[in-house]
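Visitor:
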Amino acid sequence: MHIFTQRADVRAFTAAARAAGQRVGFVPTMGALHTGHLELVHRAGAECDVVVASIFVNPRQFTNPQDLAAYPRLPTEDAALLAGAGCHALFLPDAAEMYPAPPVTTFSFGPLEGVLEGAFRPGHFAGVGLVVAKLLHLVAPHAAWFGQKDLQQVAVIRALVRDLDFDLALEVAPTVREADGLAMSSPNRRLTPAERATAPALYRALSATRTALLHGATVADARAAGTALLAAEPAFQVEYFEAIDAHSLQPLPPADSLPPTETAVVVAAHLGAVRLIDNVLIGPALT
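9 is the number of the first residue of the sequence shown in the working numbering; add one for each residue after it.
1) Check whether the region 58-77 touches the region 22-36, counting contact only when three or more Cβ pairs, one atom from each stretch, lie closer than 8 Å.
2) Let's test the definition: count the other Cβ atoms within 10 Å of the Cβ of Asn72 and tell me whether it reaches 16, buried, or not, exposed.
3) So Leu214 and Ala207 are in contact, right, with Cβ under 8 Å, and what is the actual spacing, rounded?
4) Let's see if you can read the secondary structure: which residues bound the alpha helix (DSSP H) around Asp75?
5) DSSP three-state call for Gly39: helix, strand or coil?
6) Under the DSSP definition of a beta bridge, which residues are partnered with Phe115?
7) Is the region 126-139 touching the region 92-100, taking contact as three or more C-beta pairs under 8 Å?
8) Spatial neighbours of Arg19 within its chain, please: CB distance less than 6 Å, with the 5 preceding and 5 following residues excluded, ordered by chain position.
9) Could you check what DSSP says for Glu247 in three-state terms: helix, strand or coil?
10) Look up Val140 in the DSSP assignment and say whether it is helix, strand or coil.
11) Would you say the region 162-172 touches the region 182-201, given that touching needs at least three Cβ pairs under 8 Å?
12) Which value, in whole angstroms, describes the spacing of the CA atoms of Pro67 and Pro111?
13) Check this for me: beta carbons of Val123 and Gln156, under 8 Å apart or not?
14) Quick check for students: name the residue ranges of the alpha helix (DSSP H) that lie wholly in the region 118-203, counting only runs of 4 or more.
15) Between which residues of its own chain and Arg26 is the CB-CB distance below 6 Å, once the five residues before and five after are set aside?
16) Which one of Val288, Arg283, Asp175 has the shortest CA to CA distance from Leu76?
17) Between which two residues does the alpha helix (DSSP H) holding Val65 run?
18) Pick helix, strand or coil for Pro259, following the three-state DSSP scheme.
19) For a test of the three-state rule: what should DSSP assign to Asp102, helix, strand or coil?
20) How many angstroms separate the CA atom of Ala205 from the CA atom of Phe174?
21) With Thr271 and Leu237 assumed to form a contact (beta carbons below 8 Å), what rounded beta-carbon distance in angstroms separates them?
22) Answer with buried or exposed for Pro149, where buried requires no fewer than 16 other C-beta atoms within 10 angstroms of its C-beta.
23) With DSSP run on the structure shown, which of helix, strand or coil describes Ala237?
24) On a CA-only basis, which of Glu186, Leu190, Phe115, Asn287 is nearest Leu172? Give me that one, please.
25) Say whether chain B places a C-beta atom closer than 8 Å to the C-beta of Gly126.
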């Protein structure tokens, strides 16, 4: 597996692959890889001739400096995992390489960023948009893979790809979970043993709300079924727990029952020093 730290080198690598008629797949990450990331690499490898991954802990999308400092950085271990998964090239820049001058370009995603993560982390998606636009421009893939766990991020990136006319397929893979239902996520490794035992309650709450909606409950009653499970775990500090339109991200009216459009139940909560997010879908996968 090639490892590139310079923008020019990864650009030249993928340009050569394209010139040779090869299909390029891309998996952007922030490292601290887990099985969910590797599943994205496997999916890319099944559809593309060349798979490129990136690892970059993007400082411009962190709204809390402590979270940036605490984010796990394991480049040697991550590179070995990617090579074992069949990745052909890793782009591993530092902040000075990605941002040689302070950026003046900004991104705004309108109503897509004013709710959920955007409401609690103002400025987060401006940073996401900037780094993803740069990475897609540098790598120039035919397809890029993202995980459903970051539902709002997927919606934002879909808008970015559409509005800027990136010529690529945006692929979304289902959330990969531990045996007890906890969504795999890099920050999970910072949970204490007691917190790790509590964490699967998030998925149980989401599932209870989904089940209630599928059985005809109103949004308000279905949401209450899930929040009651979370209330039984006082270690959680819940930021939001909502049933939303899976594409517009807007909350569903409380008195309504399940609509015919794709719906998601979403949650964000602090558990000790770790902030967890998760979601479940009702309806077709968000491809």
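Glycine is no exception: its CB is placed at the ideal position from the N, C-alpha and C atoms.
Guide: Concretely, from the data shown:
1) Cβ pair count under 8 Å is three or more, so yes.
2) Counting C-beta atoms within 10 angstroms of its own C-beta, Asn72 has fewer than 16 neighbours from the protein chains shown and is therefore classed as exposed.
3) Not confirmed; about 12 Å, so no contact.
4) 73-78
5) coil
6) In the DSSP output, where bridge partners are listed per residue, Phe115 has none listed.
7) no
8) Leu146
9) strand
10) In this structure, Val140 counts as helix in the three-state DSSP scheme.
11) Segments in contact, no.
12) 12 Å
13) The answer is no: Cβ separation not under 8 Å.
14) 125-128, 132-147, 159-171
15) Only residues of its own chain outside the window of five on either side were considered, and among them none has a CB closer than 6 Å to the CB of Arg26.
16) If we check each option's Cα against that of Leu76, Arg283 comes out closest.
17) Where Val65 is concerned, there is no enclosing alpha helix (DSSP H), given that its DSSP letter is neither H nor E.
18) When secondary structure is reduced to three states using DSSP, Pro259 falls in the strand class.
19) coil
20) Rounded to whole angstroms, the separation of the alpha carbons of Phe174 and Ala205 is 42 Å.
21) No, Thr271 and Leu237 are not in contact; Cβ-Cβ is about 19 Å, not under 8 Å.
22) buried
23) It should be noted that the sequence gives Leu, not Ala, for residue 237. It is helical.
24) Phe115
25) The structure shown contains no chain B; it holds only a single protein chain.
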